[in-house]
Amino acid sequence: MAGRLSWSAISVARRSFGLQLRGSQAQLINSRTLSSALGEEQPNFPGSRSKWTEKLEFVQPDLYDGIPVYRVMNRKGEVIDPAYDPKLEKDTLVKMYKRMTMLNTMDRIMYESQRQGRISFYMTNYGEEGTHIGSAAALDDNDLVYGQYREAGVLMWRGFPLDRFMNQCYGNEGDMGKGRQMPVHYGSTEHKFVTISSPLATQMPQAVGTAYAFKRAQNGLCVICYFGEGTSSEGDAHAAFNFSATLDCPIIFFCRNNGYAISTPTSEQYRGDGVAARGPAYGMATIRVDGNDVFAVYNATKAARHLAVTENRPVLIEAMTYRPTLPSHPTPPHTPGEDRALHPL
Amino acid sequence: MKSLLKLHSLKSFLRPSLPSAIAHGLPGRQSSHFTYVPDTVAEAEGETVRQNLFQSINSALDFALATDDSAVIFGEDVGFGGVFRCTVGLQDKYGKDRVFNTPLCEQGIAGFAIGVAVGGATSIAEMQFADYIFPAFDQIVNEAAKYRYRSGNLFDCGKLTIRAPCGAVGHGALYHSQSPEAYFAHTPGLKIVVPRGPIKAKGLLLSCIRDDNPCIFLEPKVLYRSAVEMVPTKEYTLPLSSADIVDEGDDITLLGWGTQVHVLREVAQIARQQLNVSCEVIDLVTILPWDRQTVFNSVKKTGRLIIAHEAPITNGFGAEIAAAVQNECFLHLEAPIERVCGFDTPFPHVFEPFYLPDKWRCFSAIKKLLNY
Ligand SMILES: Cc1ncc(C[n+]2csc(CCOP(=O)(O)OP(=O)(O)O)c2C)c(N)n1
Ligand SMILES: [Mg+2]
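Sequence lines, in order, name chains A and B. Here the UniProt record's numbering is used: position 103 in the first sequence is 103, and no number is missing along the way. Here the UniProt record's numbering is used: position 211 in the second sequence is 211, and no number is missing along the way.
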């Protein structure tokens with residue numbers, strides 16, 4: 001059945017226009033049908049590599065213990081293995097700390113603004129400060145960022161000023177986006193940050209396309225694409241992973257796994273070992289990292305960038321975080337209208 | 001019900017004229033619901049070469065790659081030339097990094113294509129069939145069309161062109177025959193172009209590729225081999241949003257695009273011979289943004305308009321044209337605007353000849369308008 005379908009397009013073309021397959025194509029088909037006969041010692045099917053087995057056994061999802069979570073610090077903030085201390089300059093460390101704090105403070109003010117009806121919508125970054133700042137600090141500031149909507153810290157790291165955050169959220173005359181989009185849909189050519197789009201996951205295959213263009217331009221840059229674990233269920237996410245691997249694109253997929261998509265927990269989002277488990281299936285180098293450990297995120301992103309840029313390969317990072325509800329911000333009342341204000345995207 | 005009855009009587013009317021292959025449902029039959037009328041160019045256009053539609057498209061793509069190092073072409077089976085041969089030889093000439101296969105995933109092709117354009121390169125994507133463009137609908141409608149708008153012109157994907165084979169082919173049935181122009185025409189921010197033959201296709205495709213907006217270029221697949229013209233060998237572009245008056249006339253305006261233009265030209269001939277009626281045939285060429293002035297001027301002159309397209313009548317692009325023309329030309333109209341289109345059913349397989357707005361259906365529409 002599969003074979004019939006896959007050839008239907010060509011056969012339609014061939015039937016109507018007398019399309020002849022060239023010799024090399026014909027050979028390809030022959031070797032395909034022959035492949036099972038070949039390789040008595042090792043199967044030789046195109047598109048897979050493995051060995052023969054006579055045991056009727058299904059591969060179960062619990063085949064292995066799960067992808068480990070890379071960390072640098074313990075819960076007290078002490079570096080566990082000094083070999084993995086990124087040994088950042090004091091100035092850099094202070095800057096990282098200040099930006100994480102500023103992000104948190106901006107969120108507080110903007111969240112309140114939204115609750116007070118001053119702006120129509122807001123999306124906090126609480127609990128993900130380490131993923132934003134740790135990853136952004138490890139990139140070249142000219143690497144292009146495709147975000148989802150919860151990556152304000154990346155922009156902040158690159159120096160997007162508070163004024164411009166405000167201009168966008170308030171849709172005022174200073175908004176570079178001309179007041180056309182809802183709050184948090186930031187964009188800046190100066191900071192190499194592609195304007196946020198509401199439809200989830202659409203940025204993912206686009207990021208791959210740009211990475212391909214970068215590779216051809218040989219500009220030494222990569223593309224980083226942020227997305228949530230909920231968004232990883234979209235068809236575009238699959239398309240992006242598969243295209244990036246088959247087309248050898250210098251891209252970092254950065255999954256922010258905060259456990260929820262609005263109200264939907266990961267247990268209702270997927271059944272595998274998170275998003276990282278999919279990486280090897282697509283042929284991607286993959287790492288899972290403690291998203292609350294800013295050094296671990298930094299190290300992972302730095303290494304990923306090196307792989308992407310020097311080997312023209314996609315790399316998948318899954319950063320595990322939480323989306324905390326702060327004591328000062330009690331769970332919002334669940335009237336439909338208010339829910340919409342929180343998550344109208 | 002009414003249209004079914006009409007269809008039934010048409011069927012018996014048509015049978016004698018059907019080629020035996022179609023009538024008997026034989027494999028390998030050729031569609032022949034139209035007689036191709038080749039375009040010609042003035043001698044001043046320089047050297048020409050005999051080319052069919054896929055060859056002239058190939059020539060346009062060749063120029064696009066040759067003149068712009070950033071240009072890349074990709075899609076399903078594009079590397080070996082594409083199932084319709086439009087990219088044949090280009091990978092050998094320009095290399096695998098510029099002409100390449102993608103995985104089998106239309107939403108991925110569209111999303112990737114947008115990203116290539118955002119990254120500053122010229123992006124030419126192929127959908128294997130327009131029927132399979134729908135998984136990419138979101139990327140085209142929500143992303144490509146709105147990129148410049150939503151970023152306040154910080155980012156855009158104007159260097160994007162999506163090519164897709166469309167339309168009836170004689171035996172394509174419901175999934176190899178559709179004409180989806182109207183779905184996309186509902187989306188500000190896109191340009192949609194349909195060529196009627198090789199000469200137009202070459203110039204229009206190059207214009208789309210170089211236009212600063214995302215373009216959808218729909219290629220009537222039945223013309224790939226059957227449409228042959230003497231095509232200028234040089235590099236040239238043709239204006240978008242500019243309709244062509246292919247036959248001048250005074251009594252009635254016949255408007256179509258793509259393959260349908262050839263149906264209408266034959267209808268115009270029949271009308272002249274049998275009714276002594278002079279038809280003005282217009283090829284709309286660009287569906288979005290369409291050339292309103294040329295159409296309005298013609299209708300103001302003739303007072304009658306027939307719009308014909310293969311896509312189903314309801315919400316087809318003909319509906320938009322009819323609405324605009326009645327608004328603009330109301331007092332010039334001698335009869336209601338008539339649409340001769342595909343029926344509101346999936347595109348049929350063996351009954352394709354009865355589904356299409358063929359010359360006889362168009363001809364009877366002429367008689368209806370003249371007797372109004
Ligand atoms: C295509 C699409 N479907 C639904 C939505 C509505 N929506 C906005 S945010 C969201 C949840 C996303 O969750 P996740 O990807 O985990 O990101 P997080 O908010 O946790 O950072 C949904 C369903 C949308 N914006 N786009
Ligand atoms: Mg989430």
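Where is the CB? At the ideal position from N, CA and C, for every residue including glycine. Treat the numbers as computed from the prediction; the structure is a model and nothing was measured.
Terminal residues of the beta strand (DSSP E) in which residue i lies
| i | result |
| --- | --- |
| M204/A | That residue, M204/A, is in no beta strand (DSSP E); its alpha helix (DSSP H) goes Q203 to A217. |
| K301/B | Note, K301/B: premise wrong, no beta strand (DSSP E); alpha helix (DSSP H) at R292 to T302. |
| F227/A | V223 to G228 |
| A285/A | A285 to D290 |
| R280/B | In the sequence as presented, Arg is not what sits at residue 280/B; that position holds Glu. From DSSP, the beta strand (DSSP E) with E280/B extends over C279 to D283. |
| G75/B | V72 to G75 |
| L288/B | T286 to L288 |
| V141/B | Looking at the DSSP string, V141/B is not in any beta strand (DSSP E), and its letter there is neither H nor E. |
| F100/B | V99 to N101 |
| N246/B | The identity of residue 246/B in the sequence shown is Val, whereas the question assumes Asn. Here the beta strand (DSSP E) through V246/B covers D244 to D247. |
Range covered by the alpha helix (DSSP H) that runs through residue i
| i | result |
| --- | --- |
| residue 454/B | The requested residue 454/B is not part of the displayed model; chain B covers only 1 to 372. |
| L316/A | Not the alpha helix (DSSP H): L316/A falls in the beta strand (DSSP E), residues P314 to M320. |
| S123/B | Where S123/B is concerned, there is no enclosing alpha helix (DSSP H), although the beta strand (DSSP E) it sits in stretches over S123 to E126. |
| residue 383/A | Since the displayed chain A opens at 1 and closes at 345, residue 383/A lies outside it and no answer follows. |
| H321/B | Contrary to the premise, residue 321/B reads as Ile rather than His in this sequence. Unbroken alpha helix (DSSP H) run through I321/B: F317 to C329. |
| G108/B | E106 to V118 |
| G108/A | A small fix is needed here, since residue 108/A is Arg in this sequence, not Gly. Residues K90 to R115. |
DSSP bridge partner residues for residue i (one or two, in chain order)
| i | result |
| --- | --- |
| E229/B | Q51/B |
| I307/B | L255/B and R339/B |
| A73/A | According to the sequence as given, residue 73/A is Met; it is not Ala. Note: M73/A sits in a beta bridge opposite V79/A. |
| P312/B | G342/B |
| L218/B | A164/B |
| L144/A | V223/A |
| K191/B | C215/B |
| V41/B | V41/B is not bridged to any residue. |
| residue 347/A | Lying before the first or after the last residue shown, residue 347/A is absent from chain A, which here runs from 1 to 345. |
| S188/A | F193/A |
| A254/A | The sequence given here places Phe at residue 254/A; Ala does not occur at that position. According to DSSP, which records beta bridges pairwise, F254/A is partnered with Y226/A and I317/A. |
Chain-order list of residues whose beta-carbon lies under 6 angstroms from that of residue i (same chain, five-residue window excluded)
| i | result |
| --- | --- |
| A136/B | E106, Q107 and A110 |
| R71/A | D290, D293 and A296 |
| I245/B | I282 |
| I29/A | Note that I29/A scores a pLDDT of 45, beneath 50, so its modelled location is shaky; the value from the coordinates is reported in the next line. Hits under 6 angstroms: none found. |
| E248/B | E280 |
| I85/B | The sequence as given places Arg at residue 85/B; Ile does not occur at that position. If we look at R85/B and ignore the five residues flanking it on each side, its Cβ neighbours are F54. |
| H349/B | A173 |
| P183/A | I119, F121, Y122 and C169 |
| V261/B | R196 and D283 |
| E143/B | I114 |
| S244/A | V208, I251 and P314 |
Chain-order list of residues whose beta-carbon lies under 7 angstroms from that of residue i (same chain, five-residue window excluded)
| i | result |
| --- | --- |
| Y298/A | P86, G134, A137 and A138 |
| Y149/B | G189 |
| P324/A | Y126 and G127 |
| N52/B | P198, Y224, R225, A227 and V228 |
| G167/B | S177, S179, P220, K221, V222, G258, T259 and E310 |
| T131/A | R256, G291, V297, A319 and T321 |
| E45/B | P232 |
| Q218/A | none |
| D107/A | T124, N125 and Y126 |
Closer than 6 angstroms: residue i CB and nearest ligand 3 heavy atom
| i | result |
| --- | --- |
| L369/B | The ligand content of the structure shown is limited to ligand 1 and ligand 2, which means ligand 3 is not among them. |
Close beta carbons around residue i, own chain, < 8 angstroms, minus the five adjacent residues each side
| i | result |
| --- | --- |
| Y212/A | L247 and C249 |
| residue 416/B | No answer is possible for residue 416/B: it lies beyond the span of chain B, which begins at 1 and ends at 372. |
| V309/A | G220, L221, C222 and P250 |
| Y270/A | E229, S232 and S233 |
| E235/B | F63, T67 and L206 |
| D163/A | G174 |
Inspect the CB distances between the stretch 303-318 of chain A and the stretch 268-282 of chain A and report whether three or more fall short of 8 angstroms. yes
Closer than 6 angstroms: residues whose CB approaches a heavy atom of ligand 2: G228/A, E229/A, G230/A, N258/A, Y260/A and A261/A
Looking at C-beta atoms only, is the number of pairs between the stretch 86-100 of chain B and the stretch 222-242 of chain A that lie closer than 8 angstroms three or more? no
Would you call the stretch 208-225 of chain A and the stretch 140-147 of chain A in contact, with 3 or more CB pairs under 8 angstroms? yes
Can we say the stretch 265-277 of chain A touches the stretch 101-115 of chain A, given the rule of at least three CB pairs closer than 8 angstroms? no
Report yes or no: do the stretch 327-339 of chain B and the stretch 290-300 of chain B share at least 3 C-beta pairs separated by less than 8 angstroms? yes
The stretch 157-173 of chain B touching the stretch 122-138 of chain B, judged by at least three CB pairs closer than 8 angstroms: yes
Can you find at least 3 beta carbon pairs, one from the stretch 144-159 of chain B and one from the stretch 114-125 of chain B, that sit closer than 8 angstroms? yes
Does the contact criterion of 3 or more C-beta pairs under 8 angstroms hold for the stretch 59-77 of chain B versus the stretch 202-211 of chain B? yes
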